[in-house]
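**Q** Going down the list, the protein sequences come from chains A and B.
First residue of the first sequence: 1, per the numbering used here; consecutive thereafter.
First residue of the second sequence: 659, per the numbering used here; consecutive thereafter.
2 protein chains.
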Amino acid sequence: SVNPDLASERQTASFSVEKLTALLDGGAEQTRIRRAVVETIESDPVFSRENQYFQTQNERYEAAVRKAVHLQKKMHEMGWTENGPEYKYIYRALSGDVAFLLHRVFMRSISVLGSDKQIAKWIPLATQHRLIGSYAQTELGHGTYLQGLETTAVFDAATQEFILNTPKISAMKWWPGDMGRSATHTVVFAQLYVHGKCYGIHPFIVQIRSLQDHSLCPGVTAGDIGPKMNFEHIDNGYLLLKNVRIPRENMLSKFCEVRPDGTYVRQGSQKINYFTMTTVRISLISDEVLTPLMKACTIAVRYSVVRRQSKLKPGEQEAKILDYQTQQEKLLPQLAAAYAFHFINDYLQDLFNRGYREIQKKNFDMLPELHALSSGFKAVITQHCTAGVEICLRACGGHGYSLLSGLPSLYTKILASCIYEGENTILLLQAARFLIKCFMAANAGQPVPPSVTYLAAVKHGKCPAKNKLDFLSPDIYTEAYQHVAVRLTSSTAAKLQDLIQSGVKKHDAWNQCTVQLVQAAKAHCHYIAVKNFAETVEKLETKAGIQKIMKHLCDLFALHGIFSNTGAFLHDGYISAAQMDMVTASYLDLLAVIRKDAVPLVDAFDFTDKSLNSALGSYDGQVYQRLYEWAQKSPTNQMSPAYERYLKPLLHNTLSKL
Amino acid sequence: SVNPDLASERQTASFSVEKLTALLDGGAEQTRIRRAVVETIESDPVFSRENQYFQTQNERYEAAVRKAVHLQKKMHEMGWTENGPEYKYIYRALSGDVAFLLHRVFMRSISVLGSDKQIAKWIPLATQHRLIGSYAQTELGHGTYLQGLETTAVFDAATQEFILNTPKISAMKWWPGDMGRSATHTVVFAQLYVHGKCYGIHPFIVQIRSLQDHSLCPGVTAGDIGPKMNFEHIDNGYLLLKNVRIPRENMLSKFCEVRPDGTYVRQGSQKINYFTMTTVRISLISDEVLTPLMKACTIAVRYSVVRRQSKLKPGEQEAKILDYQTQQEKLLPQLAAAYAFHFINDYLQDLFNRGYREIQKKNFDMLPELHALSSGFKAVITQHCTAGVEICLRACGGHGYSLLSGLPSLYTKILASCIYEGENTILLLQAARFLIKCFMAANAGQPVPPSVTYLAAVKHGKCPAKNKLDFLSPDIYTEAYQHVAVRLTSSTAAKLQDLIQSGVKKHDAWNQCTVQLVQAAKAHCHYIAVKNFAETVEKLETKAGIQKIMKHLCDLFALHGIFSNTGAFLHDGYISAAQMDMVTASYLDLLAVIRKDAVPLVDAFDFTDKSLNSALGSYDGQVYQRLYEWAQKSPTNQMSPAYERYLKPLLHNTLSKL
């Protein structure tokens, strides 16, 4: 039975939840396929996550390996393939709680970096799981800056082998997933030396464990890097190589080859490599970033209409906490952001599909823009969504702090997305470098890519809004965002030039502008996100109430951004103080409007109870019952030796009755 | 041997680290006592936290109980008493990793709420550890709003007993520390009923476990609430009471009593109770909030001078990451905040000591101000420091994400401080209520408490700064903060009055202003923190370079606050756009200045390696060595059954050589 406080929220939905779900999925047929996958996965006990919050790191790892192996069987059984329409829903249905994710990266790197001969040899073996692959790039002392990697691969012409070594502790491979305990092979990135000359970083296939008894190969030291904030199910590992010899053929040689006599040959264009990096950044947004935020919103919003606390009106019963303006102000902007980023993700996917088609025609013109957008949005979206999940957690008070709420695990996992696949600050600076370059070019009258043409058209006007309703006009707020993005880019470009002209060296000048460059890059992404949301809403069908509620969310997303960052808009007077008061008024009004549809808006994300795995967020809203049931199953309610060992002696003198 | 990259940072300190440590401790003698306590605790293997990151929740609990029992012995052995000068350092030296913390709350509540007779009976038993106490207030469905608690205590005149019941699941006690597995007694808060009439919430001493075999008493269901984001060492518990009878004498009756015939008598003033609540909020700031931020700063700053990444200047070696402006902008404001809040903590302690003296003289005039300040600062400091620890964690990239860095545990623990002892939003609204009241009073010419007299003197001037150096003048920035606090309070008061005058009901009007009320309360606290820091710096001795570096930190704290919240200062033009650019310039300049002393500034916090418990933060900076050594000890490097069970069958067909 559904908690009546939750049931009543669903009766007043202003739109069709089912139609919104279909919109999010990209069509009703996709919804059907997704639900079928979810049903299959969730009805299989091997894939259960029921005891996850009670398990140790070892137990989580073992379960993930078990699931990965079982998944192969399941896919075969169901006729699911890696190219089929079901595939993209499997990982989501498993909540990523499965091993051998790096096996796919191992395969992709061979496909992209290997010669045809290497692909023909290794890909079938990997596909048939006759080995388990990993990908060993990051070192203890080296992350983002690949040129700094210290592992060495020295060519020995006499034996036609490469000799791999970890020359010092900071060169130890550190973090690679699946490598700590599972992998038999890995792609090692190392500095290539031939006849004493260094040719820079190259990839090598190295076997690290025996295929017979899984023992470490001679010269290999490897293990698990220990406890982390999350990802307990993954055996992130370390790897130390001492005179490990591999055949010459194991250097991935699509682009570079060492011939038998030691001649180093470079061939083909490596540009496609950069494209791979950008696609990874875009592909993680949906599963690793948006899904957790949507789950957190679902949990926090449902809980906030079931939880009652204090009285809003004297004499009435205690109020639902979502009826407090402060609670609305915490949760509803996160909900709006989840939708905004869902639509920008669609935009980025489209852009990348177009880019990919061009690249296949050997046209690399779109690469710089794609790189900048993927870098900037990876950073902006991961940062925003991580903060959003934390806000949802805190907004649930004490119960949000219990692992049983599901929120702590969502938070500790999404947090990693700010760091992996490019640390966010570094990515924002890469986006900023592109912005500055385009700004200069645009102002010199040169052509620039579509997403930055607006930088050329610097307007010095003022915001034309006359009352608070004007701020519900997408033109008004989109232009305000555009204005700020241009202002921050142009002022930072000017500061950079001033510094250089005053004699500061270029790299020092750049460093002295980085705090402001980061702001400019964020403003650029924020502008595009707002513009894209507004354009998406424009195109929606007007039926079923969906366009109307999406328009409200778009307005909220835009006005929340202004309200939270008023200085950027007030700085040059583009928005006046009086107008900012209108923004605030409109923003606060919107909270009360969207609050009415808050539950239907999270229902539309269509998460099952099993996928939420939360005592606070279930569809029926029976929060307290579920917390109590789950707590009773906790291992902390097993008999503890602490009483006999410590408490009994402490209490030794006490009488049974006081 | 100290890592040379760290050693070089210490050679150029602009001040005496030892003298700054003494200043923070409140004198060199205090430093001596603290170090002696730390030395004693850390040299005792029972108190070791070495394996903490590898332990399960059960193991953590057992270790905490063992430590608590051992601590009794140790204190006796060392001649340490609860009133001695060592006492306040013990908890810090243990990093709070000890059981029975609620036992002290149990004792304090009896001391404050119990009659002389009750104190005479229970306190000696508790002191001698002949029982283990807890404190059961919060329920599954009820937190902050005490009047909403649902547990009942019905007086039975026939047997002279109270009958305690948990009428429904939301009434179950939930969260009390030490109650899940350890406590034998607890103070239960319940609705008192006599002859069918409800007299509201009262405290009752209830025995929950046998003193002979620790089994649950008849009618009592209790257990552990399961896994949490942190506090694994504490057995936060649940408690369900079914017709549990306790003698009439067990109702704590300093202020209210039920006579044998059922007559309800209220006596004395309960005002002192509110004071207890405020002292708890103040007392947690130092150990639970400032210490974690100081530890996080120590870890992140030391790591940032040892970690090298990318090149700042072409041709040079890779740069220390602290040399990047963006890294400075992450860490140094947190360092400044740690100092700012250390000094505001001193201020609050002084104020409370004065308040306590007044209250002992039955003068309760200071209570409203103390309540508002303790509420506001509890919220502002916990929020700021929690965000600060998270920034430190992220600033350490992948290694910060490893539990071995110590940062995840600091974060997950400090996060709870935003929720417990009053949820932050609710506390800020309590502070705001006081502000609005005082603002009205001040404008009606009535006297107001000292901390809010500034609200009466609304000035409509502009900031007089003419160049970026002017913003290093405490008068300039303190006045700017004051101006913003007044503006936000007065504009919200005006909105509130407008709404009420336009016919909106008072409680609805209040709810519609809460987002802005929260802003006003924060601005008030921020202003006082800046003002207090500036005044503290003013009074420091000018020798030993300490005043100079503290002045830099004060400037940074103030300018960072403006830089991060420009809109509040730009809104009415108090600071102009041109002046804001000066703030930005001064702020960024300061980063480069303070960066030079960053390591000495964290060294002055004087944490031992054992108390940091961090592979990244040790005094010698041997980061990579320590990460590797620790990882090897992880239980995840024990033999896993996953190979035999799942991997071997998967790899069954593979040959040993590919």
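Using N, Cα and C, we set each Cβ at its ideal position, and we do this for glycine too.
When the Cα atoms are used, what is the spatial distance from L240 of chain A to G180 of chain A?
**A** For the purposes of this step, residue 240 of chain A is taken as the residue at position 240 of the first sequence. For the purposes of this step, residue 180 of chain A is taken as the residue at position 180 of the first sequence. Rounded to whole angstroms, L240 of chain A to G180 of chain A spans 12 Å at the Cα level.
**Q** I'd like to know if F712 of chain B contacts chain A, where contact means its C-beta is closer than 8 Å to some C-beta of that chain.
**A** Your numbering for residue 712 of chain B matches position 54 in the second sequence. Interface residue, yes.
**Q** What does a CB cutoff of less than 6 Å around I1220 of chain B pick up in its chain, not counting 5 residues either side in sequence?
**A** As a first step, residue 1220 of chain B must be located in the second sequence, where it is residue number 562. These residues qualify, in order along the chain: F1227 and V1241.
**Q** Use the C-beta contact count for A1152 of chain B: other C-beta atoms within 10 angstroms, 16 or more gives buried, fewer gives exposed.
**A** Within the second sequence, numbered from 1, the residue matching residue 1152 of chain B stands at position 494. Exposed, by the Cβ-count rule.
**Q** So L752 of chain B and A811 of chain B are supposed to be a Cβ contact under 8 Å. How far apart are they, rounded?
**A** As a working note, residue 752 of chain B is residue 94 in the second sequence. As a working note, residue 811 of chain B is residue 153 in the second sequence. In fact, because the Cβ distance is near 36 Å, the residues do not count as touching under 8 Å.
**Q** Looking only at its own chain, which residues have a Cβ that is under 6 Å from the Cβ of T12 of chain A, when we skip the five neighbours before and after it?
**A** The sequence position of residue 12 of chain A within the first sequence is 12, counting from 1. Once the five neighbours on either side are set aside, T12 of chain A has no close Cβ partner at all.
**Q** What residue from B:E717, B:P743, B:P662 and B:A665 has the CA that sits closest to E687 of chain B's CA?
**A** Counting from one through the second sequence, the residue named residue 687 of chain B turns up at place 29. Looking at the Cα atoms, B:P743 is the closest of the given residues.
**Q** Check whether the Cβ atoms of L149 of chain A and V206 of chain A sit closer than 8 Å, and answer yes or no.
**A** The sequence position of residue 149 of chain A within the first sequence is 149, counting from 1. The sequence position of residue 206 of chain A within the first sequence is 206, counting from 1. Contact flag unset, no.
**Q** Express the C-alpha separation of D498 of chain A and N363 of chain A in angstroms, rounding to a whole number.
**A** By one-based count along the first sequence, residue 363 of chain A stands at place 363. By one-based count along the first sequence, residue 498 of chain A stands at place 498. Looking at the two C-alpha atoms, the distance is approximately 36 Å.
**Q** Just the C-alpha distance for S611 of chain A and G567 of chain A, rounded to the nearest angstrom, thanks.
**A** Along the first sequence, read from residue 1 onward, the residue named residue 611 of chain A stands at position 611. Along the first sequence, read from residue 1 onward, the residue named residue 567 of chain A stands at position 567. Approximately 40 Å between the Cα atoms of the pair.
**Q** Could you pull out every residue in the same chain whose Cβ sits closer than 6 Å to the Cβ of L655 of chain A, ignoring the five residues on either side in sequence?
**A** Along the first sequence, read from residue 1 onward, the residue named residue 655 of chain A stands at position 655. Here L655 of chain A scores only 45 on pLDDT, less than 50, and its place in the model should not be relied on; the value that follows carries that caveat. Once the five neighbours on either side are set aside, L655 of chain A has no close Cβ partner at all.
**Q** Helix, strand or coil: how does DSSP classify E139 of chain A here?
**A** In the first sequence, counting from the first residue as 1, residue 139 of chain A sits at position 139. Strand.
**Q** In three-state DSSP terms, what is L1318 of chain B?
**A** As displayed, chain B neither begins before 659 nor continues past 1316, which places residue 1318 of chain B out of reach and without an answer.
**Q** If you run the structure through DSSP and keep just helix, strand and coil, what is P905 of chain B?
**A** The sequence position of residue 905 of chain B within the second sequence is 247, counting from 1. DSSP places P905 of chain B in strand when its eight states are reduced to three.
**Q** Helix or strand or just coil, what does DSSP make of F1227 of chain B?
**A** Start at 1 with the first residue of the second sequence, and residue 1227 of chain B comes out as number 569. If DSSP states are grouped into helix, strand and coil, F1227 of chain B belongs with the helices.
**Q** With DSSP as the reference, label W174 of chain A as helix, strand or coil.
**A** If you number the first sequence from 1, residue 174 of chain A lands on position 174. Strand at W174 of chain A.
**Q** When you compare the CB positions of I777 of chain B and L990 of chain B, do they come within less than 8 Å of one another, or not?
**A** Sequence index remark: in the second sequence, residue 777 of chain B carries index 119 (1-based). Sequence index remark: in the second sequence, residue 990 of chain B carries index 332 (1-based). Contact: no.
**Q** Pairs of beta-carbons, one from the stretch 296-313 of chain A and one from the stretch 791-804 of chain B, closer than 8 Å: are there three or more?
**A** Yes: the two stretches touch, three or more of their Cβ pairs being nearer than 8 Å.
**Q** Where do the N-terminal and C-terminal ends of the alpha helix (DSSP H) with F434 of chain A fall, by residue?
**A** By 1-based counting over the first sequence, the position of residue 434 of chain A is 434. Here the alpha helix (DSSP H) through F434 of chain A covers N424 to N443.
**Q** Below 6 Å CB to CB, which residues in the same chain sit around Y477 of chain A once its five sequence neighbours on both sides are set aside?
**A** By one-based count along the first sequence, residue 477 of chain A stands at place 477. A558.
**Q** Who are the neighbours of Q318 of chain A on chain B, taking C-beta pairs under 8 Å?
**A** Position 318 of the first sequence holds residue 318 of chain A. Per the sequence presented here, residue 318 of chain A reads as Glu, with Gln not at that position. Those within 8 Å of E318 of chain A in chain B are Y803 and G806.
**Q** Measuring only the C-alpha atoms, how far is V220 of chain A from P247 of chain A?
**A** Here residue 220 of chain A corresponds to residue number 220 of the first sequence, with the count starting at 1. Here residue 247 of chain A corresponds to residue number 247 of the first sequence, with the count starting at 1. When rounded, the distance between both Cα atoms is 16 Å.
**Q** Using three-state DSSP, classify F1265 of chain B as helix, strand or coil.
**A** Position 607 of the second sequence, counted from the start, is the residue given in the question as residue 1265 of chain B. F1265 of chain B falls in the coil class under three-state DSSP.
**Q** Look at the alpha carbon of H1118 of chain B and the alpha carbon of A998 of chain B, and state the distance between them as a whole number of angstroms.
**A** By 1-based counting over the second sequence, the position of residue 1118 of chain B is 460. By 1-based counting over the second sequence, the position of residue 998 of chain B is 340. Roughly 28 Å separates the two Cα atoms.
**Q** Could you compute how far the alpha carbon of L591 of chain A sits from the alpha carbon of Q325 of chain A?
**A** Counted from its first residue, the first sequence places residue 591 of chain A at position 591. Counted from its first residue, the first sequence places residue 325 of chain A at position 325. Distance between the alpha carbons of L591 of chain A and Q325 of chain A: 8 Å.
**Q** By the criterion of Cβ-Cβ separation under 7 Å, what are the contact partners of H214 of chain A in chain B?
**A** Here the question's residue 214 of chain A lines up with position 214 in the first sequence. Going along chain B in sequence order, the residues near H214 of chain A (Cβ under 7 Å) are Y1301 and L1305.
**Q** Let me know if E1287 of chain B comes out buried or exposed under the rule of 16 or more other beta-carbons within 10 Å of its beta-carbon.
**A** As a first step, residue 1287 of chain B must be located in the second sequence, where it is residue number 629. It is exposed - the Cβ of E1287 of chain B has fewer than 16 other Cβ atoms within 10 Å.
**Q** For the beta strand (DSSP E) holding F845 of chain B, just list the boundary residues, first then last.
**A** For the purposes of this step, residue 845 of chain B is taken as the residue at position 187 of the second sequence. Here residue 845 of chain B is Val; the residue named in the question, Phe, does not match the sequence. V845 of chain B -> beta strand (DSSP E) spans H843 to V852.
**Q** Name the chain B residues that come within less than 7 Å of M580 of chain A, Cβ to Cβ?
**A** By 1-based counting over the first sequence, the position of residue 580 of chain A is 580. Here the neighbours are H1229.
**Q** Under DSSP, the alpha helix (DSSP H) around G858 of chain B begins and ends at which residues?
**A** Against the second sequence, residue 858 of chain B aligns to sequence position 200. That residue, G858 of chain B, is in no alpha helix (DSSP H); its beta strand (DSSP E) goes K855 to Q865.
**Q** Would you decide whether K320 of chain A is buried or exposed? Buried here means 16 or more other CB atoms lie within 10 Å of its CB.
**A** Along the first sequence, one-based indexing puts residue 320 of chain A at 320. Label assigned to K320 of chain A: buried.
**Q** Counting only Cβ pairs nearer than 8 Å, list the residues of chain A close to M830 of chain B.
**A** As a working mapping, residue 830 of chain B is identified with position 172 in the second sequence. Simply Y624 and Y628.
**Q** Per DSSP, G791 of chain B is paired with what?
**A** Sequence index remark: in the second sequence, residue 791 of chain B carries index 133 (1-based). The partner list for G791 of chain B (beta bridge, DSSP) reads B:H843.
**Q** Leaving out five residues before and five after G114 of chain A in sequence, what residues of the same chain have Cβ atoms less than 8 Å from its Cβ?
**A** Taking the first residue of the first sequence as position 1, residue 114 of chain A is located at position 114. Closer than 8 Å at Cβ, skipping near neighbours: W122, L252, S253 and K254.
**Q** Keeping to the same chain, check which residues put their C-beta closer than 6 Å to that of A456 of chain A; ignore five residues upstream and five downstream.
**A** Within the first sequence, numbered from 1, the residue matching residue 456 of chain A stands at position 456. Result list for A456 of chain A: A442, in chain order.
**Q** With C-beta atoms as the reference, is A996 of chain B less than 8 Å away from L948 of chain B?
**A** Within the second sequence, numbered from 1, the residue matching residue 996 of chain B stands at position 338. Within the second sequence, numbered from 1, the residue matching residue 948 of chain B stands at position 290. For A996 of chain B and L948 of chain B, yes; Cβs fall inside 8 Å.
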